[in-house]
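Numbering-wise, the sequence shown is residues -21 to -1, 1 to 686 according to mature numbering (1 follows the signal peptide of the UniProt record, and there is no 0).
Note sheet for the following structure.
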Amino acid sequence: MRKHVILAFSLAAAISAATGAAKPAKVGAAGPAGSSAYSAKCAACHGAKLEGGFGPPLSGSGFKAKWSAKGLASLANYIKANMPPSDAGSLSAAQANQLAAMIGTKNGIIPKAAVKAVGSSPVPSPVSNSKKAIQAKADESAEGGIGSAILNEDGFYRGRIKQRKDILSAISPVTDASLQAPPAEDWLGSRRTLDGLASSPLKQINRDNVGNLTLAWSLALPSGTNGITPLVHDGVMFINSDGTVKALSVADGDELWSFSRSAENVPLGPPVSQPRSMAMYQDRLYVPTLDNHMIALDIHTGKVIWDHLIETPKITLRISAPPLIARGKIFQGMAGCAGAQETGGCFLVALDAQTGKELWRFYTLPRKGDPGFDTWGGAPASERFGGSIWSAPTYDSETGLIYFGVGQTYHVAPLLKKSKTDESNRALYTNATLALDPDTGKRIWFYQHMERDVWDFDWAFERYAFTMKAADGPRRVVGTVGKLGILDVLDAKTGAYVASFDMGMQDLVTAIDPKTGQKTTNPAAEPQDGVFKHICPFAGGVRNWPATSFDGSQGVLYVPFTRSCMNYAFHGDRTLDISYAMAPPVQGNGMLGGVMAIDMQSLKPLWVQEQRAAASSGVLATDGGVVFAGDRDRWFRALDSSNGKVLWQTRLDRRLSSNPITFAHGNNQYVAIVSGGGAPNDATQESLNPEISKTAPGVTLWVFRSN
């Protein structure tokens, strides 16, 4: 008897807790959790009663004076970044806060306020080992000052610190021109270019020499979830894992500065420990947080310039997608909106890049009086939610428009009822591409890829703008692939339907109108209360967050895919009223994942590379004729872009759940990918490949170079 895992949306909350992405404690009153963590992580060195031992005491008048002045938030920040020395950074923000509260209570330190630990650790200034400096350090640590050992700040140290400071000071401003046409050696945004292609013109690594690819360096990152896309500019990589942002030298992985800010995760939704990337503009790095802040950091130091709260989450609202910067504005999509507490849908917000001031916001579910409000079958506002924005927007300089995709609703009952007011039940703007004026937020056009989605098959992923040949000349278009593995192409100026391509891995859509693109669905798949229906693919989709790559020079789209099916049911007595169980494909050769190459002029497949393991990473195409991709079985591969042949592969420590990037520095081209941590759909894919053993938790950044 085949085992199925029943998944409702609420399962994500349990997964979130299991992966350590739960809501962290604030530094306030101590509790049993702090004592337990201290016994497990600290007592062996610092003594059961904080009296010291192998490590310094965490008590005494000196200790109390020091941390009373600095505050318990600073102590929590120090613990999070530095303890335990054998595995620094491994403690969660909640554990660090609990430990700080417990240690503070034992020392009679009263918190000034229950605040979250926030901190930045820039490159320290060189300090001489003078007699005066040494005496000052000895006096400071005489009674239990943490870090009482005297640092060996000798000439070698000072030279290394100066080298790092020089790297940071050499970072040039990121201009509008460089965002529009990035230097080949950089990766300035989550999709590299504003038009969303996620490919690279670099070709030092090519199909002839990729077999000689070697490891340049690797780095263990703070443990959290994955989906991470690093950024690179002027020889410096910026990466965010579990809310800790690091600036690293791309040549050797040396840390240049670090910024850490704990964020209270929402209690319901996919397990995510940080949004999946950041953005750069001028001399700033823009960092979105799980609790819906946008923070501007000085790109040279990691210091906070401003911190703007976009919207306070009630229960599900969060930032998961990376931001996009164009025309001096930050465009950030909001996700979640899964319950009646978050009615009105999610939204795209525009912020002034200089000040963080909100300029406008566009809601993904029309409000009363707005066009499209009458497309929910007359349902009250309390039953209209969803419309998440899970991916970064795209900006096309040729049309001057912002494009983004919208997810489905999480409450399908209103779409199954017959309207008493003769309203349609298309449920705008779910499953739509929206084109907005970036200066005003005004809707220019929309196209709904599939009306009335009651199966959880989003069209919420990346959009790419490109030029397509047409009978009357070149035509600017926008393309996207939804969960069903169906590619839709639209006119970029008007939103008019152009064409579609079905990857052939779904059985829900039985026909696509060649003039309008409207999808006809299988009547047998219509939801019935409490009745399971067999549908392909699983709600995780043929594709999901692992992103596509579009080779603009060749006009080819590369799509990572997973073959799957599900047993799906509607439950009329629930608010989140759909559930599904993963099921393997009934037919096939046992090859469940891979990459498909699609000619974007003819909309025909060029080749398909297959593997047993489900695809888990995004793909990356380069002008060297190489496509990089990873899977759940820890394999990272380089494929020949012309035929899909495997040219090189290596097996890493954990599954590949991020988006690979490439960049250049000095005389070398590099390729980077992050392993471990997982992404929300990873948990649902485990039953597809039960032969794959689980690995120890952790997140690792891997950087390879040409040799």
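For each residue, glycine too, the CB sits at the ideal point set by N, CA and C.
Q) What number of angstroms, rounded off, separates the C-alpha of residue 735 from the C-alpha of Gly214? A) Here the chain has residues from -21 to 686 only, and residue 735 is not among them.
Q: Please determine, among Lys397, Arg363, Thr412, the residue with the shortest C-alpha to C-alpha distance to Tyr382.
A: Thr412
Q. Which residue or residues does DSSP assign as beta-bridge partners of residue 731?
A. The shown model of the chain, from -21 to 686, leaves out residue 731, and the question about it has no answer.
Q | Simplified DSSP state of Arg137, which is helix, strand or coil | A | helix
Q.
Short of 8 angstroms in beta carbon distance, which residues of its chain neighbour Ala149, apart from the five on each side in sequence? Order them along the chain.
A. Asp213, Gly214
Q | Sub-8 angstroms separation of Val211 and Trp285 beta-carbons | A | no
**Q.** Status (buried if at least 16 other CB within 10 Å, exposed otherwise) for Gly483
**A.** exposed
**Q.** Rounded separation between Ser666 and Gly655 - CA only
**A.** 18 angstroms
Q) If we count the other Cβ atoms within 10 Å of its Cβ and call it buried at 16 or more, is Thr204 buried or exposed? A) buried
Q.
Taking the alpha helix (DSSP H) that Trp46 belongs to, which residues open and close that run?
A. 40 to 49
Q) What is the rounded straight-line gap between the Cα of Asp231 and the Cα of Asn86? A) 42 angstroms
Q: Can you say whether Gln77 is buried or exposed, counting buried as having 16 or more other CB atoms within 10 angstroms of its CB?
A: buried
Q: Can you tell me which of the three DSSP states Val189 falls into?
A: helix
Q | Bridge partner(s) assigned by DSSP for Gln427 | A | Ala411
Q: Using DSSP bridges, identify the partner residues of Arg263.
A: Tyr260, Asp277
Q) Are three or more beta carbon pairs between the region 181 to 194 and the region 31 to 49 nearer than 8 angstroms? A) no
Q: Could you pull out every residue in the same chain whose Cβ sits closer than 7 angstroms to the Cβ of Ala79, ignoring the five residues on either side in sequence?
A: Val6, Leu51, Leu54, Ala55, Ile58
Q) Alpha carbon to alpha carbon, how far is Met575 from Gly520? A) 15 angstroms
(Q) Taking the beta carbon of Lys437 as the centre, do at least 16 other beta carbons fall within 10 Å, making it buried, or is it exposed? (A) The residue you asked about is not Lys; residue 437 is Asp in the sequence shown. So Asp437 ends up on the buried side.
Q) Just how far apart, CA to CA, sit Thr674 and Ala560? A) 24 angstroms
(Q) Spatial neighbours of Asp175 within its chain, please: C-beta separation below 6 angstroms, excluding the five flanking residues on both sides. (A) Position check: residue 175 holds Gly in this sequence, whereas Asp was assumed. Excluding sequence neighbours, Gly175 sits near Thr373, Glu441, Arg442, Tyr443.
Q | Whole-Å CB distance - Leu303 paired with Leu173, under 8 angstroms assumed | A | 7 angstroms
Q) Pro659 lies in the beta strand (DSSP E); which residues open and close that run? A) It is not in any beta strand (DSSP E) - Pro659 instead sits in the alpha helix (DSSP H) that spans 659 to 664.
Q) In terms of residues, what are the limits of the beta strand (DSSP E) holding Ala600? A) 599 to 601
Q: Could you pull the start and end residues of the alpha helix (DSSP H) that Ile309 belongs to?
A: Per DSSP, Ile309 belongs to no alpha helix (DSSP H); it is in the beta strand (DSSP E), 308 to 312.
(Q) Classify Ser685: buried if its beta carbon has 16 or more other beta carbons within 10 angstroms, exposed otherwise. (A) buried
Q. Leaving out the 5 sequence neighbours to the left and right, which residues in its chain are closer than 6 angstroms to Arg616 when beta-carbon positions are compared?
A. Ala608, Val625, Gln628
Q) When the distance is taken between beta carbons, is Asp233 closer than 8 angstroms to Leu227? A) yes
Q: Determine the direct distance from the alpha carbon of Leu395 to that of Gly168, and round the result to whole angstroms.
A: 40 angstroms
Q.
Using DSSP's beta-bridge definition, name the partner residues of His513.
A. Asn546
Q: Indicate whether Leu330 and His287 have their beta-carbon atoms separated by less than 8 angstroms.
A: yes
Q: Figure out for me which residue from Gln533, Pro516, Phe529, Arg431 has the closest Cα to the Cα of Thr499.
A: Arg431
Q. So, are the CB atoms of Pro249 and Pro584 less than 8 angstroms apart?
A. no
**Q.** Nonlocal neighbours in the same chain, by C-beta distance under 8 angstroms from Asp479, ignoring five residues either side
**A.** First, the amino acid is wrong: residue 479 is Ser here, not Asp. So the list reads Ile465, Leu466, Asp467, Val468, Ile491, Gly496, Leu582, once near-sequence residues are dropped.
Q. For Leu635, which of Ser532, His279, Ala526, Tyr408 has the nearest alpha-carbon?
A. Ala526
Q. Under a Cβ-count criterion, where at least 16 other Cβ atoms within 10 Å of its own Cβ denotes burial, should residue 697 be classed as buried or exposed?
A. Since the first and last residues shown for the chain are -21 and 686, residue 697 lies out of range.
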